[in-house]
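Residue numbers for the sequence shown follow the UniProt record's numbering, so the first one is 1 and each next one is one higher. We treat Cβ as the ideally placed atom computed from N, Cα and C, and that holds for glycine. Some notes on the structure that comes next.
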Amino acid sequence: MKNGVRFQCFASVTNLFTTFRHRFTDDDDDTCATNGSKNIKISSLHSPTLKASSHEGYITESAQMGTAVRVSPSAFSNSLQIDIYDDDLKPGMSPVSYEYILTGLGSSIFAVDQRGYVYLNVPHIDADPPNPSTYQLHIEAREVNTTPIRSSEPISVTIHVMDINDNPPRFSSSIYTASVSANGIIDRPVIKIYATDNDTGKKCTNKLPFGVNK
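Shown next as structure tokens:
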């Protein structure tokens with residue numbers, strides 16, 4: 001509820017961007033316009049404005065569809081929320097609708113629900129290469145059925161996908177052979193074993209030293 005009004009959300013998808021429609025009604029009127037109601041354009045004097053509870057969001061790689069993006073890596077932190085403010089919203093006015101327009105790399109991955117919460121909108125998300133681990137989401141609110149139709153200034157949110165350890169390390173060879181002399185020096189490395197792990201976000205080389213101890 002914002003500025004004394006309540007809203008419902010209707011979502012639609014186009015090839016260019018994803019939109020999420022909000023219908024605002026007067027808090028004193030429990031009725032909502034239906035598909036058969038008269039289409040009355042509302043005079044708009046002010047552009048809507050958006051405010052995000054945070055411009056950084058976090059979600060785990062293991063998150064399921066519908067999981068809310070949070071404002072910090074902690075699972076107990078608040079969910080990331082986008083609020084719409086519009087000075088045109090007054091008690092007793094006719095219903096007003098808005099569209100959330102999502103663009104950027106994350107527009108096909110994330111969505112905004114009827115309360116303004118950003119959530120995962122795909123069955124799963126993978127942060128391991130070659131997939132991105134950071135998504136930039138640009139959000140704009142546009143009025144619907146007003147004269148004129150006004151839009152908010154876009155805001156940007158960066159969403160970080162937190163990696164989980166879901167990949168085993170892979171060695172460059174299944175067999176390694178090393179030779180040492182009978183009089184070898186103690187703690188002398190005799191072989192280098194290479195392994196990669198996508199969970200590091202990049203290829204990582206580690207050395208496992210072997211030696212002859214007396």
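Helix, strand or coil: which one does DSSP assign to residue i?
i    : result
Y194 : coil
A63  : coil
E153 : coil
K90  : coil
K51  : strand
H160 : strand
R115 : coil
L80  : coil
A141 : strand
R170 : strand
G57  : strand
T177 : coil
T31  : With a pLDDT of 38 at T31, under the threshold of 50, the modelled position of this residue cannot be trusted, and the question is left open.
A68  : strand
I125 : coil
L120 : strand
Examine the ligand COA and report whether any of its heavy atoms sits within less than 6 Å of the Cβ of residue i.
i    : result
T147 : Absent from the structure shown: the ligand COA. Ligands present: none.
Could you work out which residue in the options is closest to residue i when comparing CA atoms only?
i    : options                : result
L105 : H138, I191, D86        : H138
M162 : P129, Y58, K192        : Y58
I159 : E56, L45, K51          : E56
I82  : S181, M65, Y100, T134  : Y100
M65  : P123, S54, S44, I42    : P123
S133 : K51, R70, T60, S54     : T60
I42  : Y98, P169, D113, V157  : Y98
D126 : V118, S62, I193, D113  : S62
K51  : Q136, Y85, S181        : Y85
S54  : Q114, T103, V118       : V118
S79  : L102, I109, D113, S108 : D113
Y135 : S151, I164, T103       : T103
Y194 : E153, P169, R188, S151 : P169
Classify residue i as buried or exposed, calling it buried when 16 or more other Cβ atoms lie within 10 Å of its own Cβ.
i    : result
G116 : buried
N121 : buried
P48  : buried
S172 : exposed
T147 : exposed
L45  : exposed
V190 : exposed
S156 : exposed
V69  : buried
A182 : exposed
I109 : buried
Any beta carbon of chain B sitting closer than 7 Å to that of residue i?
i    : result
I175 : In summary, chain B is missing from the structure at hand, where a single protein chain is found.
* Should the stretch 173–186 be regarded as contacting the stretch 141–148, the criterion being three or more beta carbon pairs within less than 8 Å? -> A contact is defined here as three or more CB-CB pairs under 8 Å, and the stretch 173–186 fails this definition with respect to the stretch 141–148.
* Just checking, does the stretch 65–74 make contact with the stretch 84–103 on the three C-beta pairs under 8 Å criterion? -> no
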